[in-house]
Amino acid sequence: MKNLTLLFTLLTINLVIGQVQKQHVVEVPIEVSNAFEQAYPHKNVVWSSDFEGHNNQQLTYIAKFKVENREVAVHYDQAGHFELIEEALSLSGLKAAITKYIAKNYGTFKSTEAVKIIDSQNKTTYEVGITDNTYFFDLQFDDTGYFLQLIDKN
């Protein structure tokens, strides 16, 4: 009897865990999916949505996919207008000015990730994630490697 109870408990736990782990399916407006397909035909994409912009009030749809083993995320508004594209970079691929700034001002911190961002006005910025194992934040740089701002991610 104890074995049956234990078996039933384990099956129930597995069922509950399976239900919790189901991925949320994002319904993407046709305008957004058409805009993506036109710009990036035949890409295997995973969609998500998030509230961004001023006070996180603008619903944004994000298409994530890979190009030459690099992660890419393209952001669209609800009407299907392109907002920005983020492309993962290797830390060694950063501009020398960015690497120098981080070494000088955050030498004890560990760089964890880097992305290149191009917005709808074709303005390029770079964000580098750094941590000291207590805090995590992004450093934002312009296209020339000039430091713009620190973005707290805690």
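Those letters in the sequence shown? Residues 20 to 173, per the numbering used here, in order. For every residue, glycine included, the Cβ atom is placed at its ideal position computed from N, Cα and C. Remember, predicted model here, so these are calculated numbers, not experimental data.
The Cβ-Cβ distance between T143 and D162 falls below 7 Å. Classified as buried, L113 has 16 or more neighbouring CB atoms from the shown chains inside 10 Å of its CB. Counting along the chain, the unbroken beta strand (DSSP E) around K129 starts and ends at 129-138. The straight-line gap separating the alpha-carbon atoms of S109 and V44 is approximately 30 Å. Membership of T150 in any alpha helix (DSSP H) is not indicated; the residue belongs instead to the beta strand (DSSP E) covering 143-150.
In this structure, DSSP gives K114 a state outside helix and strand, which the three-state scheme calls coil. A straight line joining the alpha-carbon of G99 with that of V65 spans about 16 Å. The residue among F128, D69, E56 with its C-alpha nearest the C-alpha of I149 is F128. Residue state for A58 is assigned as helix, using DSSP reduced to three classes.
Where V91 is concerned, the enclosing beta strand (DSSP E) starts and stops at 89-96.
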